[in-house]
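So for the sequence shown, the numbering used here puts the first residue at 5; every next one is plus one. Worksheet for the structure shown next.
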Amino acid sequence: MTKNSNWLNRKNIELNISNEICCSSYGHRMTMRADGITSVSRFHSEEEKEEFLQKLEYVLGRRWKQYRIERKSTQNKAGKPHPYKYGLSVYRKGDDSPMLLHINWGPRHVKTGGIRFEFRPQHMDAKAMDHMLGWLSDRLGAIFYRLLARSWVTRIDVALDVYGCKLNDYVWDLKGISVFKDHVNFKGLPGLNLGGKSELRFNLYEKVYAGVLNSLGFNQCSEVVLKDGKARQEQFIEINQEEFEKFLRIEARIMPGRRSGSWSVTLAELTELKNPFGHIVVYEGKLKSVLVNDFIESSRPKSNSAKAWAKHAMGDVNSRMSRRLKRALVTHETELFNKSEVWAYWHSCVAALGTIIAELKPVNATKKEMAVSQFIESKPSKMRNPRRLTRREQAHPKRKHRD
5 MTKNSNWLNR KNIELNISNE ICCSSYGHRM TMRADGITSV SRFHSEEEKE
55 EFLQKLEYVL GRRWKQYRIE RKSTQNKAGK PHPYKYGLSV YRKGDDSPML
105 LHINWGPRHV KTGGIRFEFR PQHMDAKAMD HMLGWLSDRL GAIFYRLLAR
155 SWVTRIDVAL DVYGCKLNDY VWDLKGISVF KDHVNFKGLP GLNLGGKSEL
205 RFNLYEKVYA GVLNSLGFNQ CSEVVLKDGK ARQEQFIEIN QEEFEKFLRI
255 EARIMPGRRS GSWSVTLAEL TELKNPFGHI VVYEGKLKSV LVNDFIESSR
305 PKSNSAKAWA KHAMGDVNSR MSRRLKRALV THETELFNKS EVWAYWHSCV
355 AALGTIIAEL KPVNATKKEM AVSQFIESKP SKMRNPRRLT RREQAHPKRK
405 HRD
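See below:
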């Protein structure tokens with residue numbers, strides 16, 4: 005790295021590729037992809053459940069040439085239990101591989117599905133995704149594909165990247181939502197959250213595209229930082245930002261609250277997902293100065309009283325939105341990108357997940373199948389193997405004491 009290099013938070017560095025789509029209304033190059041998918045499925049019979057869980061244990065109990073399978077704790081760092089008792093993660097062979105898929109089973113609650121799949125498609129192209137799913141199916145059996153076809157999506161992240169655009173170039177809003185939070189990662193770049201904990205929320209943050217580092221290599225370190233009152237370990241990469249393209253990520257995070265909700269969709273029907281970008285509102289950057297001037301004018305005290313001006317200086321002002329301010333919002337609203345044109349590329353993003361997911365057919369369960377319990381019995385604790393006796397102990401066994 006050059007002398008201008010510095011350490012940047014890993015969350016603000018992009019090493020993976022996305023699908024090229026149309027340009028913005030202002031000529032920005034744009035890309036889009038499914039950045040993460042979580043789905044939950046059900047077992048339709050006790051026999052099916054028992055067979056599949058046995059095969060999961062079989063996969064966990066061996067070392068494989070192409071993938072690394074690891075058993076994972078179902079408690080977070082604070083010790084809070086996960087909705088599922090058991091879990092495993094799939095990695096490529098090698099210690100530096102990112103997680104490709106996480107599987108959970110053994111629900112703790114009645115209304116939770118029997119098995120959960122968490123995909124990280126940003127780390128795989130279509131061919132790699134098909135290879136991984138095919139490899140798992142060979143070892144888990146035909147039940148694996150059936151479980152995928154039955155599964156309903158509980159979370160999906162759609163990442164839209166606008167190159168050459170910064171967060172502060174525009175003013176952002178989300179229809180029907182008043183919750184927002186500005187944030188900057190430690191040693192990171194500006195970000196904004198819109199939507200709080202609603203079913204549809206947006207994360208906007210600046211990133212640097214440095215995919216070339218995958219072949220060149222890079223220096224990386226970790227550091228424990230305090231975030232929201234909690235100690236967390238963050239990853240940092242040494243990088244000269246001036247050497248790489250910068251972009252603004254507009255990430256739609258959809259978390260359907262229930263299977264019949266307005267955003268509900270199955271894994272087999274991903275192309276039917278509604279356009280989340282139709283809910284975001286973008287205003288010209290100069291709106292900020294207009295609103296500041298309007299606020300100053302509308303909140304100025306009409307009295308020459310010293311007390312009135314003192315209250316104004318201390319912030320005791322009328323925060324009601326003026327008509328002039330409302331007109332300013334309408335006047336300065338802009339179309340950063342054609343939302344319908346952008347979403348027309350969603351089909352190609354689903355195709356990038358591979359043919360196995362794209363060709364899944366939705367399956368409806370019968371009442372009998374829906375009545376099957378998704379709980380599993382606790383695994384019996386394994387008996388420790390007795391210690392091998394030494395030659396001396398074999399020659400002189402200990403005598404048992406009489407009661």
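All C-beta atoms in this analysis are idealised placements derived from N, C-alpha and C, irrespective of residue type, glycine included. Computed from a prediction, not measured in an experiment: that's the story for all the values here.
Contacting residues, own chain, Cβ-Cβ under 8 Å from residue i (five flanking each side not counted)
i            : result
leucine 19   : Ala214, Gly215, Leu217 and Asn218
threonine 42 : Arg120, Phe121, Glu122, Phe123, Val157, Thr158, Arg159 and Ile160
tyrosine 435 : Since the displayed the chain opens at 5 and closes at 407, residue 435 lies outside it and no answer follows.
glycine 145  : Glu55, Phe56 and Lys59
methionine 5 : Since pLDDT at methionine 5 reaches only 41, below the 50 mark, its modelled position is unreliable, and no value is offered.
lysine 131   : Gly358
serine 29    : Thr338, Glu339, Leu340, Phe341 and Asn342
Pairwise C-alpha distance: residue j and residue i
i              : j              : result
lysine 371     : glutamate 255  : 37 Å
methionine 387 : glycine 91     : The predicted position of methionine 387 is uncertain, since its pLDDT is 38 and thus under 50; a value taken from the coordinates is nonetheless stated next. Going by the C-alpha atoms only, they are around 22 Å apart.
threonine 78   : methionine 103 : 16 Å
threonine 359  : histidine 336  : 43 Å
alanine 369    : valine 354     : 25 Å
lysine 330     : glutamine 245  : 39 Å
asparagine 223 : aspartate 99   : 16 Å
alanine 156    : serine 293     : Per the sequence shown, the amino acid found at residue 156 is tryptophan instead of alanine. C-alpha separation (whole angstroms): 45 Å.
lysine 15      : alanine 375    : 43 Å
aspartate 186  : isoleucine 147 : 44 Å
arginine 67    : aspartate 232  : 39 Å
proline 260    : glycine 40     : 14 Å
lysine 84      : valine 269     : 29 Å
alanine 332    : leucine 295    : 8 Å
serine 101     : arginine 327   : 55 Å
asparagine 13  : glycine 192    : 5 Å
proline 87     : glycine 31     : 45 Å
leucine 164    : serine 377     : 40 Å
isoleucine 17  : glutamate 210  : 9 Å
histidine 106  : tyrosine 149   : 16 Å
arginine 3     : aspartate 129  : Absent from the model: residue 3. The displayed extent of the chain is 5 to 407, so no value can be given.
Reference residue i, options the options, closest by Cα
i                 : options                           : result
alanine 38        : Gly221, Gly138 and Leu357         : Leu357
tyrosine 71       : Leu140, Lys131, His86 and Ala130  : Leu140
serine 266        : Ser226, Leu220 and Leu204         : Leu204
glycine 221       : Asp186, Asn172, Glu242 and Arg257 : Glu242
leucine 60        : Tyr88, Arg143, Asn10 and Asp134   : Arg143
serine 226        : Phe190, Gly168 and His351         : Phe190
serine 182        : Ser93, Val188, Gly200 and Gly192  : Gly200
leucine 196       : Trp176, Val367 and Val212         : Trp176
phenylalanine 379 : Leu105, Pro85, Lys115 and Arg33   : Lys115
proline 194       : Ser202, Leu178 and Leu171         : Leu171
lysine 69         : Lys211, Met136, Pro87 and Arg33   : Met136
alanine 153       : Val63, Pro366, Ser377 and Glu373  : Pro366
isoleucine 21     : Val212, Glu381 and Val334         : Val212
histidine 351     : Leu274, Gly192 and Glu210         : Leu274
leucine 291       : Glu210, Asn279, Asp173 and Glu373 : Asp173
lysine 278        : Gly31, Tyr95 and Trp347           : Trp347
glutamate 345     : Pro280, Gly192 and Ala130         : Pro280
valine 229        : Gly65, Val188 and Met133          : Val188
leucine 364       : Lys89, Asp298 and Ala272          : Ala272
Residues that residue i bridges to, as DSSP identifies them
i              : result
glycine 195    : His187 and Tyr209
histidine 106  : Ser93 and Glu122
lysine 250     : Val212
methionine 34  : Val166
asparagine 13  : Phe240
isoleucine 21  : None, per the DSSP bridge assignment.
valine 334     : Beta-bridge pairing links valine 334 to no other residue.
arginine 159   : Thr42
arginine 75    : Leu92
isoleucine 360 : DSSP, once it has assigned bridges, lists no residue as partnering isoleucine 360.
threonine 270  : Trp156
serine 141     : Its beta-bridge partners do not exist; DSSP assigns none.
cysteine 225   : Phe240
leucine 230    : Ala235
Contacts around residue i, its chain only, beta-carbon distance under 7 Å, and the 5 residues preceding and following it disregarded
i             : result
glutamate 24  : Thr35
leucine 151   : Ser45 and Ile119
lysine 179    : His283 and Val285
serine 202    : Ile181
glutamate 276 : Val269
Cβ shell of residue i (< 6 Å), same chain only, five flanking positions each side left out
i              : result
glutamate 184  : Correcting the residue type first, residue 184 is phenylalanine in the shown sequence and not glutamate. So the qualifying residues of the chain are Leu198.
asparagine 207 : Asn197 and Glu255
tyrosine 62    : none
arginine 257   : Asp161 and Arg205
asparagine 10  : none
beta-carbon residue i near the ligand ATP non-hydrogen atom, thresh 7 Å
i            : result
tyrosine 167 : In terms of ligand content, the structure shown is empty, and the ligand ATP therefore cannot be addressed.
Test: residue i CB closer than 8 Å to a CB of chain D
i            : result
cysteine 353 : The structure shown contains no chain D, having only a single protein chain.
Discussion item. Tell me whether the region 102 to 111 and the region 119 to 126 touch, counting them as touching only if at least three CB pairs, one residue from each stretch, are closer than 8 Å.
Written reply: Contact holds: three or more Cβ-Cβ distances are below 8 Å.
Fill in: Inter-stretch contact at 8 Å, needing at least 3 Cβ pairs: the region 239 to 258 / the region 56 to 76
By the criterion of at least three beta-carbon pairs nearer than 8 Å, the region 239 to 258 is not in contact with the region 56 to 76.
Discussion item. Any contact between the region 334 to 350 and the region 285 to 297? By contact I mean 3 or more CB pairs, one from each, below 8 Å.
Written reply: A contact exists between the region 334 to 350 and the region 285 to 297.
Worksheet entry | Contact the region 122 to 133 vs the region 237 to 247: 3+ CB pairs below 8 Å | They do not touch, by the three-pair rule.
Discussion item. Can you confirm whether the region 40 to 52 touches the region 62 to 77 when touching is taken to mean that 3 or more C-beta pairs between the two stretches lie within less than 8 Å?
Written reply: Verdict: no, contact absent.
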